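Report on the following structure.
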Amino acid sequence: MISVNSFALFQNYPNPFNPTTTIRFALPVESRVKINIYNSLGQLVETLADKDMKSGYHEISFNASRLASGVYFYKLNSGNFVETRKMLLMK
């Protein structure tokens, strides 16, 4: 088992994407994880995760087939850790 020393939110891959991408993150301890997707206006368009997760490396697939092309943001909240990254959907 690989040990994780700190929280991390990695860049999605592929980016740009159409219509599916993978979001990876790392948790040093078991914690509640919430991952939200926002459009360029800051409006919530989807919640990918809202659950307790074990420590370690994780990945979640995001299917944006129902969304328009454009810039989107994904935000990870876990305890005191909050990080946001940008991704580009090109159809």
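Under the working numbering, the first residue of the sequence shown is numbered -6, with each subsequent residue one higher.
Every residue, glycine too, gets a C-beta built ideally from N, C-alpha and C.
Quick caveat, the model's predicted, so the values are computed rather than measured.
So, at 6 Å on beta carbons, what are the nonlocal neighbours of Glu76 in its own chain, with the 5 sequence-adjacent residues on each side left out?
Leu2, Leu69, listed in sequence order.
For Lys79, the first and last residue of its enclosing beta strand (DSSP E):
Lys79: member of the beta strand (DSSP E) spanning 74 to 82, first to last residue.
Same chain, Cβ closer than 8 Å to Val38, five either side skipped, listed in chain order
Excluding residues within five positions, the ones whose Cβ falls inside 8 Å are Ile30, Tyr31, Asn32, Leu60, Tyr65.
Based on the DSSP output, what are the partners of Glu52 in its beta bridges?
Paired residue(s): Arg17.
Run the CB neighbour count on Thr14, radius 10 Å, all protein chains shown included, and call it buried at 16 or more, exposed below.
Here Thr14 is buried, its C-beta having at least 16 other C-beta atoms within 10 Å.
Less than 8 Å between the beta carbons of Arg17 and Ser71, yes or no?
With a cutoff of 8 Å on beta-carbon distance, Arg17 and Ser71 are scored as not near each other.
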